[in-house]
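Working notes, beginning with the structure itself.
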Amino acid sequence: MCTYDTERIAITGSAKGADSWFRATDATISYDHPVHYGAGHALLVDVINPSLGASSRVGLELNADSARELALAILRSLDSVPAGLLES
Amino acid sequence: MEAYLARTESEEKVGGVVVIHHFPGYDEATKEIVRKFAANGYNAICVNLYWRESPGASSDDAAAAARASGGVADDQLVGDVGAAAAYLRALSNSNQLVGVIGYCSGGRQSVLAACSLDLDAAVDCYGAFVVESRPESTMTSIVDLLPKLSCPLLGLFGLEDQYPSPEQTETLRKLLTQHGKEFTFHEYEGAGHAFFAVDRPSYRPEVATEAWGEIWKFYGEHLAGKK
Chain A
723 MCTYDTERIA ITGSAKGADS WFRATDATIS YDHPVHYGAG HALLVDVINP
773 SLGASSRVGL ELNADSAREL ALAILRSLDS VPAGLLES
Chain B
5 MEAYLARTES EEKVGGVVVI HHFPGYDEAT KEIVRKFAAN GYNAICVNLY
55 WRESPGASSD DAAAAARASG GVADDQLVGD VGAAAAYLRA LSNSNQLVGV
105 IGYCSGGRQS VLAACSLDLD AAVDCYGAFV VESRPESTMT SIVDLLPKLS
155 CPLLGLFGLE DQYPSPEQTE TLRKLLTQHG KEFTFHEYEG AGHAFFAVDR
205 PSYRPEVATE AWGEIWKFYG EHLAGKK
């Protein structure tokens, strides 16, 4: 099924798309049909900048376990940053 | 708008089919379906439903943009299918009969189009959220439109699918019967969602082949001849 459930958050940073780096302004997260990963559904992450057009996108299609591991690894990495180095 | 057209070479008058792509977009697999209809004697067209927001983008980037914005609004879909049907009817070898078919999200949209436009046959391939709404999303039930269904409906579903589930298909069957509509449903064992999708692990070749046979029979009955 198409879930139509999409989380959308504002982000600050950069991403490297098909052609070049771009300023990333938004990220969407959903569990829906992947394009390339060979499964019926996958956790989809898109890092985008809509003002630059649809092609300014970095996409991820992960199975559920991988997505959870990635999320936890991101948090572990941030939690291990030495005091005073985190920039918000 | 952008659209993919495949025409039969027949000079005899033939029916037309509007193909509604699935949520992942205006992709190669959908264009293959359009060509399949032409190879079987129909003029067929698929509108890129995401073209307005993402002109020139690849199908996957356009689908991601559509996902970020909540998908295609129902009234926009009806407008695009209506324009595509008018285009098919204007072709020199059109018999003025036009059907619609949609897959996955397009299944619901096929029913929506058939309840909103003057069409001659509609096929719903495992479309969810026809008889139930998706909480906290833009995808809403279209049961209120079912009395306006303008043409016969063929429904093709997998018994292992949960969206739509066999119970939801039964609800749709009861509603269509209650409204006195002409319809035929086939529910296949050993198949879940997207059993037609040749590029996905959900593909069930035996079921898909049988279901394609039902489509040819259905369109042969309702799109042949002159209106």
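Residue numbers (this note's numbering), protein chains in the order written: chain A, 723 to 810; chain B, 5 to 231. Glycine residues also receive a C-beta, built at the ideal position from the N, C-alpha and C atoms.
Rounded to whole angstroms, the gap between the alpha carbons of Gly229/B and Val18/B is 7 angstroms. DSSP links Lys738/A through a beta bridge to Trp743/A.
Remark: C-beta atoms of Cys108/B and Gly131/B approach each other more closely than 9 angstroms. Here the alpha carbons of Arg745/A and Leu782/A stand approximately 17 angstroms from one another. At a C-beta separation below 8 angstroms, Thr750/A has these neighbours in chain B: Ala68, Arg71 and Ala72. The beta carbon of Ile796/A does not come within 9 angstroms of any beta carbon belonging to chain B, so the residue lies off that interface. Around the CB of Leu800/A, fewer than 16 other CB atoms lie within 10 Å, so the residue is classed as exposed.
Phe161/B: member of the beta strand (DSSP E) spanning Leu157 to Gly162, first to last residue.
Distance between Thr12/B and Ile146/B, taken at the CA atoms: about 34 angstroms. Ser98/B: member of the beta strand (DSSP E) spanning Ser98 to Tyr107, first to last residue. Residue pairing by DSSP places Val769/A opposite Ala749/A and Val780/A in a beta bridge. Residue Arg204/B holds the alpha-carbon nearest to the alpha-carbon of Glu32/B among Arg204/B, Ala89/B and Gly224/B.
For chain A, the residues of the stretch 182–207 of chain B that bring a beta carbon within less than 8 angstroms of one of its beta carbons are Gly196, His197, Ala198, Arg204, Pro205 and Ser206, in chain order. Contact annotation, Lys35/B with Tyr8/B: C-beta distance approximately 5 angstroms; criterion of less than 8 angstroms satisfied.
For Thr144/B, the three-state secondary structure derived from DSSP is coil. Distance from the CA atom of Glu193/B to the CA atom of Phe199/B, rounded to whole angstroms, is 11 angstroms. Under the three-pair Cβ rule at 8 angstroms, the stretch 171–187 of chain B does not count as touching the stretch 84–97 of chain B. Beta-bridge partners assigned by DSSP to Tyr192/B: Gly162/B. Following the DSSP letters along the chain, one finds Ala72/B inside the alpha helix (DSSP H) bounded by residues Ser63 to Ala72. Within the stretch 83–104 of chain B, no residue has its Cβ closer than 7 angstroms to any Cβ of chain A.
Against chain B, a Cβ distance below 7 angstroms from Ala761/A picks out Pro205.
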